[in-house]
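Residue numbers (the numbering used here): 37 to 277.
Notes to accompany the following structure.
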Ligand SMILES: [Fe+2]
């Protein structure tokens, strides 16, 4: 097969596949080149692997980002390449999982959630140096009394999550609240589940190399590297949503 006919075949297959899956939103004549550009990508970390040492070790960061997160991105791409979802923000996809064909839904939930959660998670951490202030601090005090009480509640919920999942602080009904989700679920997947402004990954892959089975110690370490500046940005965005 020469390169031109191969490209033509891909184009035709893609159009047929997309039309079968989501007729209402199918763009016309999607070329393979355009489609490739719409694949989900793993962004580099916003800091070096060892930037969070000694709290979160470099090896864990390297494997967590380069292997685990990369796998979520790759598996999400396998599910959505050639469909009209390939160019959409992952946040829109996980908010409307009921629109994904049933045969793909579980894989998109797990891998789309994994991609979205980890993309937030990397930014929710930074070398120590930031603290909650302004409107964010006021909201924390109104909902939990103080920052320490909020983190204590987040720690309890994260420890209580059996198996793999996440602990979250969400903005819900005008107040901050603590929730936890299983697997790679995100509060946005549930209508009225709240908008996350802080989250902590409690899958063993996030801490086992350094902390083994001591999830509580990992959570204490995570609290030292919270990027409160980013949390404040998410809080401001959530208020306007
Ligand atoms: Fe993770």
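Cβ coordinates follow ideal geometry from the N, Cα and C atoms, glycine included.
Closer than 6 Å to a non-hydrogen atom of ligand 1 - does that hold for the CB of residue i?
| i | result |
| --- | --- |
| residue 91 | no |
| residue 204 | no |
| residue 280 | Not covered by the structure: residue 280. The range shown for the chain is 37 to 277. |
| residue 107 | no |
| residue 94 | no |
| residue 104 | yes |
| residue 110 | no |
| residue 158 | no |
| residue 237 | yes |
| residue 175 | no |
| residue 242 | yes |
For residue i, which beta-bridge partners are listed by DSSP?
| i | result |
| --- | --- |
| residue 213 | 206 |
| residue 237 | 202 |
| residue 161 | 262 |
| residue 232 | 206 |
So, helix, strand or coil for residue i, using DSSP?
| i | result |
| --- | --- |
| residue 168 | coil |
| residue 218 | strand |
| residue 253 | helix |
| residue 85 | coil |
| residue 96 | helix |
| residue 187 | helix |
| residue 119 | coil |
| residue 194 | helix |
| residue 67 | Because the pLDDT of residue 67 is 40, which lies under 50, any placement of that residue in the model is unreliable, and the number read from its coordinates should be weighed accordingly. Note: residue 67 maps to coil in three-state DSSP. |
| residue 152 | helix |
| residue 180 | helix |
| residue 173 | helix |
| residue 112 | helix |
| residue 91 | coil |
| residue 136 | coil |
| residue 245 | helix |
Compare the C-alpha of residue i against each of the options and name the closest.
| i | options | result |
| --- | --- | --- |
| residue 165 | 271, 270, 259 and 117 | 259 |
| residue 204 | 240, 94, 267 and 109 | 267 |
| residue 140 | 113, 124, 237 and 92 | 113 |
| residue 221 | 230, 182 and 153 | 153 |
| residue 225 | 161, 148 and 183 | 148 |
| residue 144 | 111, 275 and 93 | 111 |
| residue 227 | 209, 236, 248 and 156 | 209 |
| residue 121 | 142, 171, 156 and 74 | 74 |
| residue 118 | 76, 81 and 244 | 76 |
| residue 217 | 194, 248, 185 and 265 | 194 |
| residue 161 | 95, 178 and 237 | 237 |
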